[in-house]
Every structure is written in C-alpha cells, then in structure tokens.
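Structure first, commentary second.
Protein chains: 2
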Amino acid sequence: MRGLDDTDREILRLLLADARRPFSDIAEQVDLSAPAVSDRVDRLSEMGVIRGFTVDVDRSLLHSGVPVLVEIDAEPGRAGAIRDALADVEAVEHVFRTADSRVTLTATVPQSAVPSFLDSHLDFEDVQRYDVRLVADTEWTPGLGTADFAPDCAECGNTVDEEGVRSTLDGDPYYFCCGSCEARFVEQYETLKEEA
Amino acid sequence: MRGLDDTDREILRLLLADARRPFSDIAEQVDLSAPAVSDRVDRLSEMGVIRGFTVDVDRSLLHSGVPVLVEIDAEPGRAGAIRDALADVEAVEHVFRTADSRVTLTATVPQSAVPSFLDSHLDFEDVQRYDVRLVADTEWTPGLGTADFAPDCAECGNTVDEEGVRSTLDGDPYYFCCGSCEARFVEQYETLKEEA
DNA sequence: CGTGAAAGGCATTAGCC
DNA sequence: GGCTAATGCCTTTCACG
Chain L
171 MRGLDDTDRE ILRLLLADAR RPFSDIAEQV DLSAPAVSDR VDRLSEMGVI RGFTVDVDRS
231 LLHSGVPVLV EIDAEPGRAG AIRDALADVE AVEHVFRTAD SRVTLTATVP QSAVPSFLDS
291 HLDFEDVQRY DVRLVADTEW TPGLGTADFA PDCAECGNTV DEEGVRSTLD GDPYYFCCGS
351 CEARFVEQYE TLKEEA
Chain C
171 MRGLDDTDRE ILRLLLADAR RPFSDIAEQV DLSAPAVSDR VDRLSEMGVI RGFTVDVDRS
231 LLHSGVPVLV EIDAEPGRAG AIRDALADVE AVEHVFRTAD SRVTLTATVP QSAVPSFLDS
291 HLDFEDVQRY DVRLVADTEW TPGLGTADFA PDCAECGNTV DEEGVRSTLD GDPYYFCCGS
351 CEARFVEQYE TLKEEA
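Taken in order, these protein sequences are the chains called L and C.
Numbers in the numbering used here are just positions in the first sequence, counted from 1, shifted up by 170.
Numbers in the numbering used here are just positions in the second sequence, counted from 1, shifted up by 170.
Pasting the structure below:
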C-alpha cells in the first residue's frame with residue numbers, strides 16, 4: 171500500500187488553495203505532466219484522502235440566520251446516535267464527537283429558532299446537558315502540515331502501515347492492518363448488509 | 171445591489187456538493203446555458219459569497235497527529251487576541267469564537283504534543299481555563315438552507331439591503347448600507363494604508 | 001509511474017436579443 | 001440577464017517505456 175510523497179502533498183496543497191487550478195498548471199509546479207497529476211488526484215480520491223471538491227462559501231454574508239455553536243453532553247454510549255441524528259439536519263454544518271461523550275456542532279438557525287431548533291432533532295433521553303452559544307466569528311485554515319498517510323485499521327483500530335491492505339466496500343475505501351482483519355471485517359459487513 | 175435568487179442558491183448547492191461538476195451540467199439542472207452559469211459564478215465570486223474552490227481532505231487518514239478539540243475560556247475581552255494567535259498555527263484548522271469569550275478550535279497535533287502544543291501559542295494571561303479533548307469523529311455537511319444575501323455594513327455594522335453599495339478595496343469586496351458609510355470607511359482605509 | 005500526442009469535452013468569448 | 005455559436009484550453013485516453 172502506497173502512502174503520500176512530497177509530490178502528493180504539494181498537489182493537495184495547491185488544490186486546497188484553488189481546486190479549479192488546471193492540472194497542467196499544477197503539473198508545471200510539481201514537475202510532472204498533466205496526466206500524471208490527474209492520475210495522482212484519482213489515486214488520492216480512491217484512497218479517500220480527497221473526499222471531494224467544494225466551494226468555500228462566506229456564510230457571514232448569507233444571513234439565513236444566526237450561527238451557533240452547540241455543546242452536548244451525551245448519556246454514556248449515546249454520543250454516536252446524537253451525532254448521526256444531527257449530521258443530517260440541514261442547518262448543521264460541522265459535527266465533532268469527542269472521546270468523552272461530548273458532541274460539539276455548528277449550525278446556522280433563524281433567530282427565533284435558536285432556543286428551540288434542537289428540540290425536534292434531539293432525543294433528550296440521550297442528553298445530559300447542552301449549551302447553545304452564539305458564534306461571533308469563524309476561521310478556517312485548510313492546511314496540511316507534513317501530513318502522512320496512516321489510516322486506522324477499520325477492524326482493530328491499529329495504525330495501518332505499508333503492509334496494510336485497502337478494500338472498497340460499496341464504493342467507500344476501508345483500510346486494514348492485515349488480511350485477517352480484512353476478512354473478519356468483510357464477513358461482518360456482509361452479514362450486517364444481508365440483515366438490512 | 172443584487173441579492174441571491176433561487177437559481178444562485180441552487181448553483182451554490184450544486185457546487186458545494188461537487189465543485190468540479192461541469193458548468194454545462196449545472197446549467198442543465200437550473201435551466202440555463204453554460205455561459206449564464208459561468209457569469210453567475212463570477213458574480214458570486216465578486217460578491218465575496220464564493221471565497222474560492224477547495225478540496226475536502228479527510229484528515230482522519232492523514233495522521234500527522236491526533237485530532238483534538240480545544241475549548242478555551244478567555245479573560246474578558248481577550249478572546250479576539252486568542253483567536254488571532256491560534257488561527258495562524260499550522261496545526262489548527264477551525265477556530266470558532268463565541269459571544270461569551272469562549273474560543274473553540276480543532277487541530278491535529280502529534281501524539282506527544284497533545285498536552286503541550288498550546289503552550290507556545292497561547293498567552294496564559296489571557297486564559298481562564300482550557301480543555302483539550304480527543305476527537306473521535308468529524309462530520310462536515312456544507313449546506314446552505316434558504317440563505318439570503320445580507321452582509322453587514324463594514325462601517326456601521328447594520329444589515330445592508332438593496333439600497334446598499336459595494337466597494338472593492340485591494341481586490342476584496344466591502345459592503346456599506348449607504349454612501350456616507352462608504353465614504354467614511356474608504357477615507358479611514360486610505361489613511362491607514364498610507365501610514366503602513 | 002511516468003511520458004507525449006491526439007481526441008473529446010468544457011469554459012469562455014463574441015455577437016445578438 | 002440571457003442565448004447560440006465558435007474558439008481555445010484542459011482533461012483524459014492511448015500507446016509506449
């Protein structure tokens with residue numbers, strides 16, 4: 171399994187800065203041909219490193235409501251359910267689940283709905299406490315650092331190294347530290363899918 | 171000053187989902203010609219609604235460290251300074267400042283640096299309390315809702331309506347509720363620029 | 001993994017309504 | 001503002017190393 175090299179990182183950095191920059195342009199910067207860049211972008215997409223291409227929209231110009239940041243302390247084991255319920259809400263943009271059963275999210279909601287917008291989306295059985303804060307400003311700096319490719323094994327959670335394998339299940343890439351983890355995962359995956 | 175119509179919103183929505191989708195494709199969806207879509211995208215860029223095009227990178231696959239979410243309670247009036255100091259840190263991706271002197275940020279830091287990475291970037295005189303949490307997972311759903319275009323006047327802060335004006339200063343768009351606000355702002359801008 | 005050449009698709013311009 | 005037609009660029013495919 172291949173990781174990322176400096177060229178991959180440079181391509182990512184250039185695309186982060188401007189995702190519509192022509193590949194031929196990028197090719198020149200990284201000393202490759204345009205098809206080579208195209209191939210690498212494809213590979214990064216297959217790997218799941220590139221999830222997609224988007225627009226950076228300045229939401230501060232689009233008053234569809236008030237930006238809020240919500241902190242939710244979940245009942246033990248219920249943070250995942252809360253995250254799933256909220257991620258699908260149209261007004262919600264970011265959802266962060268932290269290891270300590272806390273879910274933090276940002277959303278833009280109509281002024282009048284600030285106190286109540288969670289009511290219809292949250293099962294309060296799952297919630298210990300929550301807090302809605304008004305967002306004053308937001309910064310987003312899509313950087314990369316010296317990022318290296320080192321996914322977690324989907325089965326056991328260990329870091330996957332060069333020995334690892336990738337499987338594509340229903341179009342999504344999964345990584346495994348070894349063949350037996352892969353086999354175990356795929357088997358369970360198939361079973362769950364059959365049941366559904 | 172023109173705002174956003176349904177077609178603009180639909181274009182934004184389509185681009186949010188896939189910024190490389192061909193304009194001819196988008197054109198078909200919104201019942202326009204490709205050049206018309208191109209013109210609208212240009213206009214949205216000039217307005218500052220579209221800040222740029224980027225890649226959605228899955229940072230959970232790029233272990234340059236551990237994803238953390240940090241909550242900082244600032245001393246009164248110091249939240250802005252904290253935000254500015256942290257926004258420039260390479261490892262930091264999102265910074266949210268809420269109205270109650272709280273700064274919430276996400277970052278990816280080397281395992282060993284989790285407890286200490288803030289030390290070099292934070293003036294602890296400004297901090298009442300802070301908390302570093304490990305992020306288990308992240309969701310990002312760039313949605314739009316029924317977003318309408320209503321920027322704040324750069325001079326007085328009031329919402330700008332159709333009567334408002336746009337000025338472009340050094341390539342960046344600024345909005346004003348009226349001509350006198352614009353004049354005042356531009357004058358101050360020029361002065362500050364001369365001094366620098 | 002990479003290249004260069006060719007083909008096909010796409011954004012953009014120009015002229016017009 | 002929008003359209004159609006035409007131009008020129010960009011991505012992608014292909015054959016090859």
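Note that CB positions come from ideal geometry on N, CA and C, so glycine has one too.
The model shown is predicted, which means the values in this text are computed figures rather than measured ones.
For S203/L, same chain residues with a beta-carbon under 7 angstroms away, outside a window of 5 residues either side, are A197 in chain order. DSSP, read as helix, strand or coil, puts R299/C in strand. By the C-beta density criterion, S194/C is exposed, having fewer than 16 other C-beta atoms within 10 angstroms. In the structure shown, V305/L falls within a strand segment according to DSSP collapsed to helix, strand and coil. In this structure, H264/C lies near L275/C, with their beta-carbon atoms less than 8 angstroms apart.
At least 8 angstroms separates the CB of T177/C from every CB of chain L. Distance from V305/C to F266/L at the Cβ level is roughly 6 angstroms; contact confirmed, criterion being Cβ atoms closer than 8 angstroms.
Comparing alpha-carbon positions, the option among G334/C, C323/C, A317/C and S350/C lying closest to D175/C turns out to be A317/C. When Cβ-Cβ separations below 8 angstroms define contact, V207/L makes no contact with chain C.
Residues of the stretch 309 to 331 of chain C whose Cβ lies closer than 9 angstroms to any Cβ of chain L, in chain order: E309, W310, T311, P312, G313, L314, G315, T316, A317, D318, F319, A320, P321, D322 and T329. Residue state for V238/L is assigned as strand, using DSSP reduced to three classes. Per DSSP, D342/L is one residue of the beta strand (DSSP E) stretching across D342 to F346. Three or more beta-carbon pairs drawn from the stretch 225 to 236 of chain C and the stretch 216 to 236 of chain L are found closer than 8 angstroms, and the two stretches are therefore classed as touching.
Interface flag for A283/C against chain L is unset, since no Cβ pair is found closer than 8 angstroms. Beta-carbon to beta-carbon, V302/L and V240/L are separated by about 5 angstroms, close enough to satisfy the 8 angstroms threshold. For D270/L, the C-beta contacts it makes with chain C under 7 angstroms involve R303, in order along the chain. Distance between G173/C and F319/C, taken at the CA atoms: about 5 angstroms.
Annotation: H291/C has no Cβ neighbours in chain L at a cutoff of 8 angstroms; minimum Cβ distance is about 13 angstroms. About 32 angstroms separates the Cβ atoms of E325/C and G313/L, ruling out a contact at the 8 angstroms cut-off. Taking 3 residues as the shortest admissible run, the stretch 246 to 325 of chain C contains the following complete beta strand (DSSP E) segments, listed from N- to C-terminal end: 262 to 268, 272 to 279 and 297 to 310. Within 9 angstroms of the CB of L362/C, no CB atom of chain L is found; the nearest one sits about 20 angstroms away. Close partners of R210/L in chain C (Cβ separation under 9 angstroms) are lacking, with about 13 angstroms as the shortest Cβ gap.
In this structure, the CA atom of E364/C is about 14 angstroms from the CA atom of L339/C. In this structure, P246/C sits near S271/C, with a CB-CB distance shorter than 8 angstroms.
Against chain C, the beta carbon of F346/L has no neighbour under 9 angstroms; the closest one sits roughly 13 angstroms away. In the DSSP assignment, R172/L falls outside any alpha helix (DSSP H) and carries neither an H nor an E. Interface flag for A244/C against chain L is unset, since no Cβ pair is found closer than 8 angstroms.
A straight-line Cα-Cα distance of about 48 angstroms links A206/L and D243/C. Sorting D258/C, D322/C, L182/C and T278/C by C-alpha distance to the C-alpha of L232/C places T278/C at the top.
Each of L214/L, V262/L, R190/L and P192/L was checked against the Cα of R179/L, and the nearest Cα belongs to L214/L. In the DSSP assignment, V219/L falls outside any alpha helix (DSSP H), carrying neither H nor E. Against D188/L, the close residues of chain C are G222, F223 and T224, in the order they occur along the chain (beta-carbon pairs closer than 9 angstroms). Judged by DSSP in its simplified three-state form, R190/C adopts coil rather than helix or strand.
Closest option to M217/C, judged by alpha-carbon separation, among P343/C, C323/C and I252/C: P343/C. Counting the other CB atoms within 10 Å of its CB gives L362/C a total below 16, which places it among the exposed residues. Using a Cβ-Cβ cut-off of 8 angstroms, R253/C is close to D307 and E309 of chain L, given in chain order.
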